[in-house]
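Shown next, in structure tokens, is the structure this report addresses.
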Amino acid sequence: MESALCLRYRQCEIRACALVEPAAGEGLELGALYLPLAVVCWRDAQGRHEVHLPDPKHHVLRHDTDALRISIALAKRFIDTKLVGTCMPAG
């Protein structure tokens, strides 16, 4: 099972995901564990692009909402640092 949220930020599409950890439940009384993952999609003169952004700190969280928040933050940071100014206007 996976929780997902789609939104737009600075002309980019963000798909924030909370993936269920394959070893969910081990050691935490069978509770699910979630891994944050963000997918950013954008268009420029070369066409459509997509990048997958796993959490570099490898957080494993008990609540899917926490994983979604981290996913959104990862996507916004990528857009603000890598994309704004190179292929799209700020704002």
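Take 980 as the starting number for the sequence shown in this note's numbering and just add one per residue. We treat Cβ as the ideally placed atom computed from N, Cα and C, and that holds for glycine. No experiment lies behind these values; they were computed from the predicted model shown.
Following the DSSP letters along the chain, one finds Ile993 in no alpha helix (DSSP H) but inside the beta strand (DSSP E) bounded by residues 991-999. The C-alpha of Ala1011 is placed about 7 angstroms away from the C-alpha of Val999.
Comparing C-alpha distances from His1038 to each of Asp1023, Arg1056, Leu1016, Cys1020 shows the shortest one belongs to Leu1016. Close CB contacts of Glu981 within its chain, under the 8 angstroms cut and outside five residues either way in sequence, are with Cys996, Ala997, Leu998, Val999 (chain order).
Of all alpha-carbon atoms in Pro1033, Ser1050, Trp1021, His1042, the one lying nearest the alpha-carbon of Leu1062 is that of Trp1021.
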